[in-house]
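Asks: If you read the sequences in order, they're chains A and B.
Take 58 as the starting number for the first sequence in this note's numbering and just add one per residue.
Take 58 as the starting number for the second sequence in this note's numbering and just add one per residue.
Even glycine gets a Cβ: it sits at the ideal position worked out from N, Cα and C.
If you're wondering where the values come from, they're calculated on a predicted model, not measured in any experiment.
Quick one: structure below, then a few questions.
Protein chains: 2
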Amino acid sequence: MGKTQTRIQKKNRETILNAALDVFSQFGFRGSTLDQIAKTAGLSKPNLLYYFPSKEAIHAELLSQLMDTWLDPLHDLDPAGEPKAEILAYMRRKLEMSRNFPRESRLFANEILQGAPQIMAAIKGELKQLTDEKAAVISGWMQDGKIANSHPYHLLFSIWSLTQHYADFDVQVRAVLGDSANDPFPDAEHYLETLFGKLLAT
Amino acid sequence: MGKTQTRIQKKNRETILNAALDVFSQFGFRGSTLDQIAKTAGLSKPNLLYYFPSKEAIHAELLSQLMDTWLDPLHDLDPAGEPKAEILAYMRRKLEMSRNFPRESRLFANEILQGAPQIMAAIKGELKQLTDEKAAVISGWMQDGKIANSHPYHLLFSIWSLTQHYADFDVQVRAVLGDSANDPFPDAEHYLETLFGKLLAT
DNA sequence: CCTGTTTCTGACCAAATGGTTAAATTGCAC
DNA sequence: GTGCAATTTAACCATTTGGTCAGAAACAGG
Chain A
58 MGKTQTRIQK
68 KNRETILNAA
78 LDVFSQFGFR
88 GSTLDQIAKT
98 AGLSKPNLLY
108 YFPSKEAIHA
118 ELLSQLMDTW
128 LDPLHDLDPA
138 GEPKAEILAY
148 MRRKLEMSRN
158 FPRESRLFAN
168 EILQGAPQIM
178 AAIKGELKQL
188 TDEKAAVISG
198 WMQDGKIANS
208 HPYHLLFSIW
218 SLTQHYADFD
228 VQVRAVLGDS
238 ANDPFPDAEH
248 YLETLFGKLL
258 AT
Chain B
58 MGKTQTRIQK
68 KNRETILNAA
78 LDVFSQFGFR
88 GSTLDQIAKT
98 AGLSKPNLLY
108 YFPSKEAIHA
118 ELLSQLMDTW
128 LDPLHDLDPA
138 GEPKAEILAY
148 MRRKLEMSRN
158 FPRESRLFAN
168 EILQGAPQIM
178 AAIKGELKQL
188 TDEKAAVISG
198 WMQDGKIANS
208 HPYHLLFSIW
218 SLTQHYADFD
228 VQVRAVLGDS
238 ANDPFPDAEH
248 YLETLFGKLL
258 AT
C-alpha cells in the first residue's frame with residue numbers, strides 16, 4: 058500500500074493477481090496450487106513468493122480488491138432518482154458485471170460457498186451496511202407508492218442471484234441453450250427487465 | 058449396482074457418502090482430502106478405499122445420485138395442469154430442495170463453477186433434454202395465452218437461480234439479514250410467489 | 001467350535017504442495 | 001562501465017496427499 062512500486066513490481070504483481078484470479082475462481086482457495094498460479098502467470102514459484110508472502114496473501118488481496126468493485130453498482134443506486142428506473146439500471150449494471158467480470162463473480166461465489174472464511178467481516182460490515190441503507194431507500198419508495206410493495210432485502214437478493222447466475226453457471230446456461238446458441242446475455246437482459254418491470258409496476 | 062450388499066457394506070457406504078457430501082460440498086473436489094472425509098466419516102482412510110476405489114469414485118457416485126433427485130421437481134411439472142399453479146408449485150418444490158438439501162445444492166454449484174468436468178455429459182444430455190421438453194410445454198402455455206409471454210428457458214433459469222441461491226449463498230443471506238433474524242425461507246417463498254405470480258399474470 | 005470370507009488397520013510409498021535459502025542474474029543510478 | 005539494489009532461480013525441505021499392501025480382527029456358515 059504505502060510503498061512506492063517500481064515498474065517491474067507493478068507489472069508482476071498484476072500478472073500474478075490476474076493468473077491467481079484465473080485459478081482461484083475456478084478451483085477455490087484450497088483447490089488451487091501455487092504451481093498452477095505460477096505456471097499461468099509465466100513466473101517461477103519462488104518468484105511469486107518474492108512478491109507475495111504466501112498463497113493466502115494473494116487470495117486475500119484479490120478478495121479485498123473485489124469487495125470494492127462488487128459494491129460499486131449498488132452504491133450508485135440514487136435515492137433521488139426515478140425508483141423503477143433506478144432499480145432496473147442497478148440490475149443492468151450487475152448483469153454487465155457478470156458479463157465483463159465472470160472470474161470475479163466466481164471467485165466471490167467460491168468464497169461464499171465455502172462459508173466466507175476470509176470475507177465474513179466485510180459481508181457483515183460493508184456489504185450489510187450498504188444493503189441496509191439501500192433496502193431502506195427501496196422501502197421508502199414502496200411506502201410512497203412509487204413502486205409495488207415487496208420485500209426489499211429479497212428484492213436485492215434476487216437481483217444478485219439472477220445476474221450472478223449468468224457468470225457462475227455460465228457453463229450450464231450455454232449447455233442447456235445448445236452450444237450453437239448465441240450469447241445468452243441479450244435475452245437474459247430482456248427477460249430480467251420484464252421480470253422486474255412487472256414486479257415493480259404499480 | 059448389480060452386486061448385493063451386506064448390511065455392513067450398505068451402512069458404511071452410506072456413512073462415507075454422507076461425510077463426502079459434507080466435505081465436497083464445502084471445498085469442491087480438488088479442495089477436499091480423503092483424510093478429511095475419513096475423519097468426518099469416523100473411518101480410517103484405507104477403509105474408505107476398501108469401499109470406493111478412489112476419491113474420484115466417491116465424488117462421481119455423489120454426482121450421479123444427485124442428478125436424479127435434482128431433476129425430479131422439474132419432471133413433475135404437469136403439462137395437463139393449470140399453468141400458473143404448475144410453475145409456482147415447481148418453484149416451491151425447488152425452494153424446498155434448497156432448504157432440505159443445501160449440501161446437494163452446493164455440491165452441484167461447485168461442480169458447475171469448476172466447469173462441470175464430471176457432469177457435462179449429464180448437463181448436455183438428461184438436463185438439456187428435460188429442460189427442452191418443459192420449456193416447450195411452457196412455450197405452449199404462453200402461446201395459448203394461459204400465462205404471460207416471456208422467455209421459457211430464462212424463466213426456468215431464474216427459478217433455478219433464485220431457489221438455489223438460498224442454499225448456496227445461505228451464509229451471505231443470513232449475514233445480511235442479521236444473525237438474529239429468523240429463518241429466511243418463509244419470506245423468500247412469499248417474495249418468489251409474488252415475483253413469479255406477477256410475471257405470469259395475464 | 002473351525003474355517004473361509006469379509007472387514008479393518010498400521011506401516012508404507014511416490015508424488016505434490018507451500019514455502020525457504022543462498023546464490024546467480026538483471027536493472028539502474030552515477 | 002561500476003557498484004549496489006532489485007529481481008530471479010535452482011536446489012532444497014517438511015508436510016500433506018492419494019493410494020497400496022500385508023496382515024490382523026471380526027464375522028459368518030457348517
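(1) Taking only beta-carbon atoms, is His116(B) less than 8 Å away from chain A?
(2) Helix, strand or coil for Pro140(A)? Go by DSSP, reduced to three states.
(3) Identify, in the order they occur along the chain, each residue of the same chain with its Cβ nearer than 7 Å to the Cβ of Ser155(A), setting aside the five sequence neighbours on each side.
(4) So, does the CB of Gly85(B) fall closer than 8 Å to a CB anywhere in chain A?
(5) Taking the alpha-carbon positions, what's the Tyr108(A) to Asp129(B) distance?
(6) Could you tell me whether the region 100-119 of chain B touches the region 180-188 of chain B, using the rule of 3 or more Cβ pairs below 8 Å?
(7) Hey, would you say Ile195(A) sits closer than 8 Å to Pro209(A), going by beta carbons?
(8) Is the separation between the beta-carbon of Thr81(B) and that of Gly88(A) shorter than 8 Å?
(9) Between Lys203(B) and chain A, is any beta-carbon pair separated by less than 8 Å?
(10) Can you tell me whether Asp125(B) is helix, strand or coil according to DSSP?
(11) Strictly under 8 Å for the Cβ-Cβ distance: is Tyr108(B) near chain A by that measure?
(12) Drop a sphere of 10 angstroms on the beta-carbon of Thr63(B), count the other beta-carbons inside from all chains shown, and report buried for 16 or more, exposed for fewer.
(13) Going by Cα to Cα distance, which pick from Ala77(B), Thr97(B), Thr188(B), Gly172(B) is closest to Trp217(B)?
(14) Taking the C-alpha atoms as reference points, what is the distance between Asn157(A) and Lys151(A)?
(15) Can Arg160(B) and Leu78(B) be called in contact, C-beta distance under 8 Å?
(16) Classify Ala232(B) as helix, strand or coil using the three-state DSSP reduction.
(17) Below 8 Å CB to CB, which residues in the same chain sit around Met58(B) once its five sequence neighbours on both sides are set aside?
(18) Can you check which of these residues, Asn239(A), Gln229(A), Ala95(A), is closest to Asn69(A) by C-alpha distance?
(19) Cα-Cα, which of Thr90(A), Arg231(A), Trp127(A), Leu164(A) is closest to Tyr147(A)?
(20) Just to make sure I have the definition right: I need the residues of chain A whose C-beta is within less than 7 Å of the C-beta of Asp244(B). Which are they?
(21) If you drop the 5 nearest sequence neighbours on each side, which residues of the same chain put their C-beta closer than 7 Å to that of Phe263(A)?
(22) Going by DSSP in three states, Gly85(A) sits in which element: helix, strand or coil?
(23) Check the Cβ-Cβ distances between Ala173(B) and every residue of chain A, and say whether any is below 8 Å.
(24) I'd like to know whether the C-beta of Asn239(B) is nearer than 8 Å to at least one C-beta of chain A.
(25) State the start and end residues of the unbroken alpha helix (DSSP H) segment that holds Asp201(A).
(26) Could you pull the start and end residues of the alpha helix (DSSP H) that Lys181(B) belongs to?
(27) So, Pro241(A) versus Leu234(A), is the Cβ gap smaller than 8 Å?
(28) I need the DSSP call for His208(B), collapsed to helix, strand or coil.
(29) Going by DSSP in three states, Ile176(B) sits in which element: helix, strand or coil?
(30) By DSSP, does Pro243(B) sit in helix, in strand, or in coil?
(31) Whole angstroms is fine: what's the gap from His53(A)'s alpha carbon to Glu250(B)'s?
(32) Shorter than 8 Å from the beta carbon of Thr63(B) to some beta carbon of chain A?
(33) First and last residue of the alpha helix (DSSP H) that includes Pro103(A)?
(34) Measure from the C-beta of Glu139(B) to each C-beta in chain A and report whether the shortest distance is under 8 Å.
(35) Tell me which same chain residues have a C-beta within less than 6 Å of the C-beta of Glu118(B), skipping the five on either side of it?
(36) Under 8 Å Cβ-Cβ, which residues of chain B neighbour Arg163(A)?
Replies: In short:
(1) Within the second sequence, residue 116(B) is the residue found at index 59, counting from 1. So, not an interface residue.
(2) Indexing the first sequence from 1 puts residue 140(A) at position 83. The answer is helix: DSSP assigns Pro140(A) an H, G or I state.
(3) For the purposes of this step, residue 155(A) is taken as the residue at position 98 of the first sequence. Contacts found: Ser162, Thr220, Gln221, Tyr223, Ala224.
(4) Within the second sequence, residue 85(B) is the residue found at index 28, counting from 1. Yes, Gly85(B) counts as interfacial toward chain A.
(5) The sequence position of residue 108(A) within the first sequence is 51, counting from 1. The sequence position of residue 129(B) within the second sequence is 72, counting from 1. Going by the C-alpha atoms only, they are around 50 Å apart.
(6) no
(7) Residue numbering aside, residue 195(A) sits at position 138 when the first sequence is read from its first letter. Residue numbering aside, residue 209(A) sits at position 152 when the first sequence is read from its first letter. Yes; because the gap between Cβ atoms is below 8 Å, this pair is in contact.
(8) For the purposes of this step, residue 81(B) is taken as the residue at position 24 of the second sequence. For the purposes of this step, residue 88(A) is taken as the residue at position 31 of the first sequence. Residue identity differs from the one stated: residue 81(B) is Phe in this sequence, not Thr. No; because the gap between Cβ atoms is not below 8 Å, this pair is not in contact.
(9) Taking the second sequence and counting its residues from 1, one reaches residue 203(B) at position 146. It does not; no Cβ of chain A falls within 8 Å.
(10) As a position in the second sequence, residue 125(B) is number 68, starting the count at 1. Three-state result, Asp125(B): helix.
(11) As a working mapping, residue 108(B) is identified with position 51 in the second sequence. No, no contact with chain A.
(12) Counted from its first residue, the second sequence places residue 63(B) at position 6. Classification of Thr63(B): exposed, given that the 10 Å Cβ count is below 16.
(13) Counting from 1 along the second sequence, the entry for residue 217(B) is found at position 160. Answer by Cα proximity: Thr188(B).
(14) Walking along the first sequence from the start, residue 157(A) turns up at place 100. Walking along the first sequence from the start, residue 151(A) turns up at place 94. Straight-line Cα distance between these residues: approximately 10 Å.
(15) The sequence position of residue 160(B) within the second sequence is 103, counting from 1. The sequence position of residue 78(B) within the second sequence is 21, counting from 1. In this structure, Leu78(B) lies closer than 8 Å to Arg160(B) by Cβ.
(16) Taking the first residue of the second sequence as position 1, residue 232(B) is located at position 175. If DSSP states are grouped into helix, strand and coil, Ala232(B) belongs with the helices.
(17) Position 1 of the second sequence, counted from the first residue, corresponds to residue 58(B). Its pLDDT being 38, under 50, Met58(B) is placed unreliably by the model, and nothing is read from it.
(18) Start at 1 with the first residue of the first sequence, and residue 69(A) comes out as number 12. Comparing Cα positions, the closest option is Ala95(A).
(19) Counted from its first residue, the first sequence places residue 147(A) at position 90. For the residues Thr90(A), Arg231(A), Trp127(A), Leu164(A), the minimum Cα distance to Tyr147(A) belongs to Trp127(A).
(20) On the second sequence, residue 244(B) is found 187 positions in, with the first residue counted as 1. By Cβ distance, chain A contributes His208, His211.
(21) The displayed coordinates of chain A run from 58 to 259. Any statement about residue 263(A) would go beyond what the structure contains.
(22) By one-based count along the first sequence, residue 85(A) stands at place 28. Helix at Gly85(A).
(23) As a first step, residue 173(B) is located in the second sequence; it is residue number 116 there, counting from the start. Judged by the 8 Å Cβ criterion, Ala173(B) is in contact with chain A.
(24) Translated into positions along the second sequence, residue 239(B) becomes position 182. By this cut-off, Asn239(B) is not an interface position.
(25) Within the first sequence, residue 201(A) is the residue found at index 144, counting from 1. Note, Asp201(A): premise wrong, no alpha helix (DSSP H); not H, not E.
(26) The residue you call residue 181(B) lines up with position 124 of the second sequence. No alpha helix (DSSP H) holds Lys181(B); DSSP gives it neither H nor E.
(27) Mapped onto the first sequence, residue 241(A) falls at position 184. Mapped onto the first sequence, residue 234(A) falls at position 177. Going by C-beta atoms, Pro241(A) is nearer than 8 Å to Leu234(A).
(28) Here the question's residue 208(B) lines up with position 151 in the second sequence. Coil.
(29) To locate residue 176(B), count along the second sequence from 1; it is residue 119. DSSP places Ile176(B) in coil when its eight states are reduced to three.
(30) Here residue 243(B) corresponds to residue number 186 of the second sequence, with the count starting at 1. Of the three classes helix, strand and coil, the one that applies to Pro243(B) here is helix, per DSSP.
(31) An answer regarding residue 53(A) cannot be provided, because it is not within the stretch 58 to 259 covered by chain A.
(32) By one-based count along the second sequence, residue 63(B) stands at place 6. No, no contact with chain A.
(33) For the purposes of this step, residue 103(A) is taken as the residue at position 46 of the first sequence. Where Pro103(A) is concerned, the enclosing alpha helix (DSSP H) stretches over 102-108.
(34) Residue mapping note: residue 139(B) aligns to position 82 of the second sequence, counting from 1. Glu139(B) does not count as touching chain A.
(35) Along the second sequence, one-based indexing puts residue 118(B) at 61. Answer for Glu118(B): no residue qualifies.
(36) Looking up residue 163(A) in the first sequence gives position 106. Under the 8 Å cutoff, chain B gives Leu170.
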